[in-house]
Amino acid sequence: GLPRKSLGNPIGFISEKTLNRFEPVEISIGEQPTFLLAYPEGFREVLVDKAGSFRKGQEQEKLKSLMGTGLITANDERWSDSRNSLKRSFSASALQSNLVIGIAELNKEIARLVIRMDKPVNIHEFVGCTSMRMMVATLFGERLDDAEANTIYQSCIIARDYLSQVMWAPTRETTIAEAEYKAAVDG
Numbered sequence: 008g009l010p011r012k013s014l015g016n017p018i019g020f021i022s023e024k025t026l027n028r029f030e031p032v033e034i035s036i037g038e039q040p041t042f043l044l045a046y047p048e049g050f051r052e053v054l055v056d057k058a059g060s061f062r063k064g065q066e067q068e069k070l071k072s073l074m075g076t077g078l079i080t081a082n083d084e085r086w087s088d089s090r091n092s093l094k095r096s097f098s099a100s101a102l103q104s105n106l107v108i109g110i111a112e113l114n115k116e117i118a119r120l121v122i123r124m125d126k127p128v129n130i131h132e133f134v135g136c137t138s139m140r141m142m143v144a145t146l147f148g149e150r151l152d153d154a155e156a157n158t159i160y161q162s163c164i165i166a167r168d169y170l171s172q173v174m175w176a177p178t179r180e181t182t183i184a185e186a187e188y189k190a191a192v193d194g
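Each number in my numbering comes from the position in the sequence shown (counting from 1) with 7 added on.
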């Protein structure tokens with residue numbers, strides 16, 4: 008199984024295992040071998056060159072309750088359909104075109120920050136919301152208003168906490184993060 012220290016800091020654990028590694032790193036999670044990739048050629052091999060040779064593991068199965076069955080969690084034909092439906096959005100020309108919108112969002116947020124220089128800023132929230140704005144603008148060519156950006160940011164925090172519990176603690180009782188996630192989803 009995983010070392011106990013990894014449960015408290017999964018991102019640090021993954022970073023420690025993969026930093027400056029240019030080959031798959033095998034770790035033990037559950038019954039199936041699990042490999043971490045943190046280099047571009049590895050991503051290309053798994054996601055493009057040999058995409059049909061790899062199947063999703065138990066980690067993605069756990070994500071289905073949060074994300075449904077789609078690109079990240081599906082296998083076989085469902086995965087292929089999801090991937091093909093996104094190809095146009097992620098083409099080099101679409102991303103290049105939308106990057107202009109993403110940079111404009113960054114410039115707008117920097118200007119707003121300068122205007123509020125005399126007030127304290129929650130830097131985590133500022134970076135989180137700005138990142139959401141830039142990502143949505145670059146990937147989808149859409150702009151988010153303040154409420155939309157903050158809602159996505161807050162949802163990401165809840166999802167991160169929930170996934171940290173689900174992915175890194177295979178045997179556990181209901182956690183506070185899971186209860187918050189379920190309450191947020193159920194309304």
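Think of the CB as a built atom: it goes at the ideal place given N, C-alpha and C, for glycine as much as any other residue.
- For Val121, the enclosing alpha helix (DSSP H) begins and ends at Ala99 to Ile122.
- A Cβ-Cβ separation of about 5 Å places Tyr160 in contact with Cys136 under the 8 Å criterion.
- Here Leu26 is exposed: its Cβ has fewer than 16 other Cβ atoms, across all protein chains shown, within 10 Å.
- Leu43 has Val32 as its beta-bridge partners, per DSSP.
- With a 10 Å radius around the Cβ and a threshold of 16 neighbouring Cβ atoms, Ala144 comes out buried.
- Judged by their CB atoms, Ser60 and Leu78 are not nearer to each other than the 9 Å cut-off.
- Between Pro40 and Glu30, the C-beta gap is not smaller than 9 Å, which leaves the two residues out of contact.
- Taking each of Ile130, Leu146 and Arg123 in turn and checking the Cα distance to Ser104, the smallest one comes out for Leu146.
- Contact check for Thr76 against Arg85 passes: the beta carbons are separated by less than 9 Å.
- The Cβ neighbour count for Glu23, taken over all protein chains shown within 10 Å, is under 16; the residue is labelled exposed.
- Annotation for Ser138: the continuous alpha helix (DSSP H) segment containing it runs Ile130 to Phe147.
- By the beta-carbon neighbour count (other beta carbons within 10 angstroms, threshold 16), Gly19 is exposed.
- The beta carbon of Gly109 sits closer than 6 Å to those of Met141, Ala144 and Thr145, all from its chain and outside the five residues before and after it, given in chain order.
- Of the candidates Pro47, Phe42, Asn82 and Leu70, the residue whose Cα lies closest to the Cα of Ala58 is Asn82.
- In the DSSP assignment, Ser60 falls outside any alpha helix (DSSP H), carrying neither H nor E.
- By the Cβ-count criterion, Met139 is buried, with 16 or more other Cβ atoms from all chains shown falling within 10 Å of its own Cβ.
- Distance from the Cα of Pro47 is smallest, within the candidate group Arg28, Ser35 and Asn129, for Arg28.
- Pairing Ala154 with Ile122, the inter-Cα distance amounts to about 19 Å.
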